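**Student:**
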């Protein structure tokens, strides 16, 4: 084709739209369509490629390169670009747009015409002007057109534009050249674009992520950590992953707006005046609570108005409050010796609910302005300060006195106010009805342990004297304590004194109006020994006086209890269950003497108090989490190391509370820790401590290398001796004995909840379903709901939801069966309903293969229907110890029993059957009745001699059914032998 024909293609290119889709994740290194001047590319040889530049209709240059030397053979025409800086690229993309003519449409063309061209590149650190050397260039690819044009297309002015993209990388030098080789094609290179891809700057979850270049390996992602935007802080580390195509993938973590700022359109904006935000998070600013304000922007808390306050423990979301007004309607009622003060709550509580009252008493003389604080002997029930109820009882007040009581209302902000507090005042006089003083106290006689006193009655009294109260104490111990007694007669014998000791006495009277003041103090001494006692006449007087005094004391005590009870009954009624629990505990009242008593965390008003009391807070910096080993109900379970100052670093398991929890979930999560923290036993999982003051919340326990007992046994089926298995059972029983002695019921004892360490020590764990027993050893905890593990649970717990140590003993029998069967599922594939019905009908699990008779007898003992007949864990530990000390007792196996060893405890009643049909019904295998009858098995004796081959021979094909029937045959054989032995003894 002539050069004229070649150049005639240019006008066609001018009509081609060169717009292209540009992605935001591309960084363009070269685009020939955007170069305004000459490109300056080199051609080798000179007459090979032709550079043609024309202007389009928008007066923009179009740079094209054409070659069409198809008439001449052995073409080798090269076009080389200028040096291109790679910038941050590791992999580059070359986009070519070109047209190519079909060789068949060119007349008189020989076989030298080609329809492809080659693309090369060469890396260098800088541009060079040396002679072009094709050998230095590396081939990228051979480029072929998807569509080519013909002569007819030229006539119709239709050209078919091809676009091809090739990847090059990794690029390691600072820049590179591109080269195009023509070997005899008729082509026009319309545009060349070179670019690399990046993940562009973006904002996600209030975090900014910079431009990031992907890795050359398209299968790997680049992890990029984001930076929180202004006024935001990390909640979880924000991350994005940059993909090979320049797309951001897998967003993790987030930032949240700091206090005083809220999220608006992806940024954190300061709260407007009158609004605030007290906590970091993606929540909106809130309007200031009542009686508070914020004038500036970005307020974290609203300030209280004048005369309003916020207590230290009040959250920022709470309205500001003020002290309350004084109490109203103050009244009194003088009843016998008890003065009752009552009042109504203040009309203005200040906007708070933490209302309390203080009572102050003043005793005034004839002149009202001369008042002093009441004597210490005046008593308030329950107390004078911090009252929560609008009533108080006053006892032990004196006659002939004026009392002024001031009652003030307080709340959580009363101490913050500088204004004087307002009080309600009432004055009570006891002048007109008060009792009189008695005469001098005389000692009638003394002995080493007693002193007899008497006194004169007051000559005139306005009211009858109810009794006398005598207060006394040892002179040397005046400041430590004193004693008192009462009598109706004007005499008394004080006994229980020390020999040859001085005592101080005073007396006062009691009338319906109250007490008088105490008489002056009198000092008397007891005698040294019995020889100093008085004459026979004096001894007779002692006996008579003691008899009268005893009767008088009985009457006085009765009246005292009645009168005091009228004043104090309502205070006792207000004792909470928590106070009772603490009182019982402090008084040393425990259900099992000598053993620490378990305290149920649910009895605490604030569950976090139980956590603080029974657990140890661990600094999270001392914990190193190494790997995730499982998932629990509340979050992940990890293994790691705990470093304790001065001690060796230990392996631990760490339970974590997953994010996004609510307070109830946090409380339930930590409840188990407050339970475990009370236990200290080698067969109970040990709590190392908790992390509650930072996130995530964690429970740290000792690490048990071999995991749960059921899976451990399944992994090591048949690997242990019988003695080793009994040792495991002994450890579990010892841990359960410890829990039972503490008054504690586990409720979910199963092999899956027993953990095993590297020394095969078994430890009881998982206290999620546990409950405490009351003092009554026969008491059982009754639940109101929740799931019950049917296969491990005693019948009374299934039917009536009553749990006790006896129901734990039933569960222990199932654990024994699991251990001896190496983790087999109890009751196999039977449904839960079938298990319940079978147990009710008397069915019990048969002995596993290789199980000693003694152990299966203990299982059956644990599975007694009457819970009082089941063994205590103390008995279980003792029995297993005997077996361990006498290994020969474990030799007789159930499957080859010849005689029975001694039973573990009382004689056991085994469920016996009348017919083969009854026996098959009990094990849920009634569908094989006809098989047994047809094979000639008509008696239980004949069935007891069957082997596994016999069972298969009669037509039992399912393996599970074969195993169940064979195991039950072994149990039946044991029962028949047991019955024969009982008959022999008879």
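Numbering (mature numbering (1 follows the signal peptide of the UniProt record, and there is no 0)), first residue to last: -24 to -1, 1 to 962. C-beta: ideal position from N, C-alpha, C; glycine also. The structure displayed is predicted, hence computed values, not measured ones.
(1) For residue 229, report the span of its beta strand (DSSP E) as first-last.
(2) At which residue ranges does the segment 23 to 56 contain complete beta strand (DSSP E) runs of 3 or more residues, listed in the order of the chain?
(3) Contact defined as beta carbons within less than 8 angstroms: I believe residue 170 pairs with residue 66. What is the distance between those atoms, to the nearest angstrom?
(4) Counting C-beta neighbours from all protein chains within 10 Å, is the total for residue 237 16 or more, i.e. buried, or is it exposed?
(5) Terminal residues of the continuous beta strand (DSSP E) containing residue 117?
(6) So, at 7 angstroms on beta carbons, what are the nonlocal neighbours of residue 460 in its own chain, with the 5 sequence-adjacent residues on each side left out?
(7) Starting from residue 641 and walking both ways along the alpha helix (DSSP H), at which residues does that stretch end?
(8) Which value, in whole angstroms, describes the spacing of the CA atoms of residue 676 and residue 629?
(9) Which partner residues does residue 269 have in the DSSP bridge list?
(10) Quick check on DSSP: helix, strand or coil for residue 1036?
(11) Could you tell me which of 176, 400, 386 and 232 sits nearest to residue 307, measuring between CA atoms?
(12) Quick check for students: name the residue ranges of the alpha helix (DSSP H) that lie wholly in the segment 663 to 744, counting only runs of 4 or more.
(13) Would you kindly work out how many angstroms separate the C-alpha atoms of residue 37 and residue 245, rounded to a whole number?
(14) Could you pull out every residue in the same chain whose Cβ sits closer than 8 angstroms to the Cβ of residue 1038, ignoring the five residues on either side in sequence?
(15) Here's a check: name, in chain order, each residue in its chain whose Cβ is nearer than 6 angstroms to the Cβ of residue 225, leaving out the five neighbours to either side.
(16) Helix, strand or coil for residue 875 per DSSP?
(17) Assuming residue 603 and residue 619 are in contact, meaning their beta carbons sit under 8 angstroms apart, how far apart are those beta carbons, in whole angstroms?
(18) Under the three-state reduction of DSSP, which class applies to residue 973: helix, strand or coil?
(19) Excluding the 5 residues flanking residue 366 on each side, which residues of the same chain have their C-beta closer than 8 angstroms to its C-beta?
(20) What ranges does the beta strand (DSSP E) occupy inside the segment 346 to 426, keeping only unbroken runs of at least 3 residues that lie completely in it?
(21) Terminal residues of the continuous alpha helix (DSSP H) containing residue 99?
(22) Taking the runs of the beta strand (DSSP E) that are 3 residues or longer, which of them lie wholly in the segment 566 to 622?
(23) Taking just the CA atoms, how far does residue 782 sit from residue 844?
(24) Among all the DSSP beta bridges, which residues are the ones paired with residue 444?
(25) According to DSSP, simplified to helix, strand and coil, what is residue 817?
(26) Could you give the residue range of the alpha helix (DSSP H) that holds residue 239?
(27) Give the secondary structure of residue 189 by DSSP, where H, G and I count as helix, E and B as strand, and everything else as coil.
(28) By the three-class DSSP mapping on this structure, what secondary structure does residue 811 have?
(29) Helix, strand or coil: which one does DSSP assign to residue 907?
(30) What's the call for residue 240, buried or exposed, on a 16-neighbour Cβ count within 10 Å?
(31) Assuming residue 331 and residue 385 form a contact by the criterion Cβ under 8 angstroms, report the distance between their Cβ atoms to the nearest whole angstrom.
(32) Quick check: what's the CA-CA separation for residue 254 versus residue 214?
(33) Work out the CA separation of residue 363 and residue 767 for me, nearest whole Å.
(34) Which value, in whole angstroms, describes the spacing of the CA atoms of residue 499 and residue 347?
(35) Name the DSSP bridge partner or partners of residue 7?
(36) From the DSSP output, read off the bridge partner residues of residue 986.
**Tutor:** Reading off the structure:
(1) Per DSSP, residue 229 is one residue of the beta strand (DSSP E) stretching across 224 to 233.
(2) 26 to 31, 37 to 43 and 53 to 56
(3) Not quite, the Cβ-Cβ distance comes to about 14 angstroms (not below 8 angstroms), so this is no contact.
(4) buried
(5) Note, residue 117: beta strand (DSSP E), 114 to 120.
(6) 445, 446 and 447
(7) 639 to 652
(8) 6 angstroms
(9) 279
(10) The shown model of the chain, from -24 to 962, leaves out residue 1036, and the question about it has no answer.
(11) Nearest C-alpha to residue 307: 400.
(12) 685 to 691 and 698 to 717
(13) C-alpha separation (whole angstroms): 48 angstroms.
(14) Only positions -24 to 962 of the chain appear in the structure, and residue 1038 is not among them; the question remains open.
(15) Its chain contains 217 and 219 as the residues whose beta carbon lies nearer than 6 angstroms to that of residue 225, once the 5 sequence neighbours on both sides are disregarded; these appear in chain order.
(16) For residue 875, the predicted model reports a pLDDT of 38, less than 50, meaning its position is unreliable and no value from the coordinates is stated.
(17) That pair is no contact at about 17 angstroms.
(18) With the chain covering only -24 through 962, there is no way to say anything about residue 973.
(19) 303, 318, 319, 320, 321 and 333
(20) Counting only runs that start and end inside the segment 346 to 426, the beta strand (DSSP E) elements of at least 3 residues fall at 347 to 349, 355 to 357, 367 to 371, 378 to 386, 399 to 405 and 418 to 422.
(21) Careful: residue 99 lies outside any alpha helix (DSSP H), inside the beta strand (DSSP E) at 92 to 100.
(22) Taking 3 residues as the shortest admissible run, the segment 566 to 622 contains the following complete beta strand (DSSP E) segments, listed from N- to C-terminal end: 599 to 607 and 612 to 618.
(23) Near 7 angstroms, if we compare the C-alpha coordinates of residue 782 and residue 844.
(24) 463 and 485
(25) coil
(26) Taken as a continuous stretch (DSSP letters only), residue 239 belongs to no alpha helix (DSSP H), being part of the beta strand (DSSP E) at 237 to 240.
(27) coil
(28) helix
(29) helix
(30) exposed
(31) 6 angstroms
(32) 23 angstroms
(33) 53 angstroms
(34) 32 angstroms
(35) 169
(36) This structure leaves residue 986 out entirely; the chain is present only between -24 and 962.
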